[in-house]
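**Q** Residue numbers for the sequence shown follow numbering that gives the first Met the number 0, so the first one is 0 and each next one is one higher.
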Amino acid sequence: MSGCFASARTRRYIEGKERIDAKAFKACITDFGSKFTFNSDKYPNQFTISKHDDYAAIAWFESAKYPLFPVPLIWDNTRYPRLIFICPCCELKRLYLYGVPNGWACRHCIGLHYSVQSMGTEERLRKRIRKIRRNIWGNDASMDTFEMSYPFGKPKGVRFDKFNNEVQLLNSLEVRYLRLAEKRFLTLDVKISKLAAKVFG
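#1: Taking the straight line between their C-alpha atoms, what separation do you get for asparagine 134 and glutamate 165?
#2: Mind listing, in chain order, the continuous alpha helix (DSSP H) runs of no fewer than 4 residues lying wholly within the stretch 111–191?
#3: Can you tell me whether leucine 67 is helix, strand or coil according to DSSP?
#4: Closest by CA to cysteine 108, which one among Asn138, Ala140, Ala63, Cys88?
#5: Would you kindly work out how many angstroms separate the C-alpha atoms of phenylalanine 60 and proline 80, rounded to a whole number?
#6: With DSSP as the reference, please indicate the residues paired to lysine 34 in a beta bridge.
#7: So which of Asp53, Asp40, Ala104 has the shortest CA-CA distance to phenylalanine 68?
#8: Please tell me whether glutamate 17 and tyrosine 95 are closer than 8 angstroms, where the distance is taken between their beta carbons.
#9: Per DSSP, which residues does glycine 102 bridge with? Please list them.
#10: Is the Cβ-Cβ distance between asparagine 101 and tyrosine 65 less than 8 angstroms?
#11: Name the one or two DSSP bridge partners that lysine 92 has.
#12: Select from Asp139, Asn44, Pro71, Ala63 the residue whose C-alpha is nearest the C-alpha of histidine 51.
#13: Compare the C-alpha of isoleucine 57 against each of Ala21, Lys41, Ile128 and name the closest.
#14: Helix, strand or coil, according to DSSP, for methionine 0 in the structure here?
#15: Just reading off the beta strand (DSSP E) that alanine 26 is part of, what are its end residues?
#16: Report the three-state DSSP secondary structure of alanine 58 (helix, strand or coil).
#17: In chain order, what residues of the same chain have a beta carbon less than 7 angstroms from the beta carbon of phenylalanine 24, not counting five sequence neighbours either side?
#18: Using the rule of at least 16 other Cβ atoms within 10 Å of the residue's Cβ for burial, across every protein chain shown, is isoleucine 191 buried or exposed?
#19: Let's test the definition: count the other Cβ atoms within 10 Å of the Cβ of serine 148 and tell me whether it reaches 16, buried, or not, exposed.
#20: Please report the residue range of the beta strand (DSSP E) in which arginine 18 lies.
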C-alpha cells in the first residue's frame, strides 16, 4: 500500500519534513473545547480538543482552505502508557504524524522514507559503525572505518561488561564492512585491469 498521499514518481524523505509528536499533546489532552496553536507556517497549526467515547480525545485541526481535519489520540496499552495518534488515513497507531496540505498523516501514507533506505549495505554499515563509535567514545572516536576498534580506552563511568559487549558488536560490524570494502576494491581492480588492457593492449 503506497498510502493516501504517497507519490510514486519521486522518493521523498522524512529529514527536514515537519512533523508533530503525540507526547506533545499530553499537556492539553483533557482541555476539551480549548483552542491551541503551534508553530507551523505551511500546515494546519490550530486545533481544538474534543471528547470521544472510543479515544482519549480528538484533535480537530482548522484550515482556511479545508474542512476540519480530525486526528484521534489514544493511550497505548503498554506497561507504561504512551499517548499516540491514530493516523487519519490508515487508522494505525503512530507516534508521529507529518504535514499534508489539509492536516497530518503518518510517513507511510505520505510516502516518506528514511534516507538510510536508499543507502547500499556498505554505506549503511559505515554509518552504523560511526554512530556506535560516537556513542562509546564521543567526539574522540575515530571516523576512519578502515581502522578496527579494540576493547581499550573505556570511558569513565561505563561498566566494563557493557563496554566490552558494545565493542564486540562494533568489531563484528567492522569486519563485515572491511570484507565488503575489500570485495569492492577487488572488483574495481579487475575492471581497471580490463580497461588498461583495452587501452594499452
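Glycine included, C-beta positions come from ideal geometry on N, C-alpha and C.
**A** Let me spell this out:
#1: On the sequence shown, residue 134 is found 135 positions in, with the first residue counted as 1. On the sequence shown, residue 165 is found 166 positions in, with the first residue counted as 1. The straight-line gap from Cα to Cα measures roughly 10 angstroms.
#2: 120–136
#3: Locating residue 67 in the sequence shown gives position 68, where the first residue counts as 1. Residue state, collapsed to three classes: coil.
#4: Position 109 of the sequence shown, counting from 1, holds the residue named residue 108. Nearest option by C-alpha distance: Cys88.
#5: As a first step, residue 60 must be located in the sequence shown, where it is residue number 61. As a first step, residue 80 must be located in the sequence shown, where it is residue number 81. Cα to Cα, the separation comes out at about 24 angstroms.
#6: Residue 34 sits at position 35 when you count from the first residue of the sequence shown. Per DSSP, Thr47.
#7: Start at 1 with the first residue of the sequence shown, and residue 68 comes out as number 69. Among Asp53, Asp40, Ala104, the Cα nearest to that of phenylalanine 68 is on Ala104.
#8: Looking up residue 17 in the sequence shown gives position 18. Looking up residue 95 in the sequence shown gives position 96. Cβ distance not < 8 angstroms, so glutamate 17 and tyrosine 95 don't count as in contact.
#9: If you number the sequence shown from 1, residue 102 lands on position 103. Note: glycine 102 sits in a beta bridge opposite Val99.
#10: If you number the sequence shown from 1, residue 101 lands on position 102. If you number the sequence shown from 1, residue 65 lands on position 66. Note that the C-beta distance between asparagine 101 and tyrosine 65 is below 8 angstroms.
#11: Position 93 of the sequence shown, counting from 1, holds the residue named residue 92. Ile85, per the DSSP bridge assignment.
#12: On the sequence shown, residue 51 is found 52 positions in, with the first residue counted as 1. Nearest option by C-alpha distance: Pro71.
#13: Stepping through the sequence shown from its first residue, residue 57 is reached at position 58. The residue with the shortest Cα to Cα distance from isoleucine 57 is Ala21.
#14: Position 1 of the sequence shown, counted from the first residue, corresponds to residue 0. Caution is warranted here: a pLDDT of 33 is assigned to methionine 0, below 50, making its placement in the model unreliable, and the coordinate value is therefore given only provisionally. In the structure shown, methionine 0 sits in coil (DSSP, three-state: anything other than H, G, I, E or B).
#15: Numbered from its first residue, the sequence shown carries residue 26 at position 27. Boundaries for alanine 26: no beta strand (DSSP E) harbours it, and the DSSP string shows neither H nor E there.
#16: Locating residue 58 in the sequence shown gives position 59, counting from the first residue. In this structure, alanine 58 counts as strand in the three-state DSSP scheme.
#17: Locating residue 24 in the sequence shown gives position 25, counting from the first residue. Taken in chain order, the residues that qualify are Ala58, Leu72, Leu82.
#18: Counted from its first residue, the sequence shown places residue 191 at position 192. When all chains shown are included, isoleucine 191 counts as exposed.
#19: Taking the sequence shown and counting its residues from 1, the one referred to as residue 148 is at position 149. Classification for serine 148: buried.
#20: The residue you call residue 18 lines up with position 19 of the sequence shown. 18–20 is the span of the beta strand (DSSP E), which, as asked, contains arginine 18.
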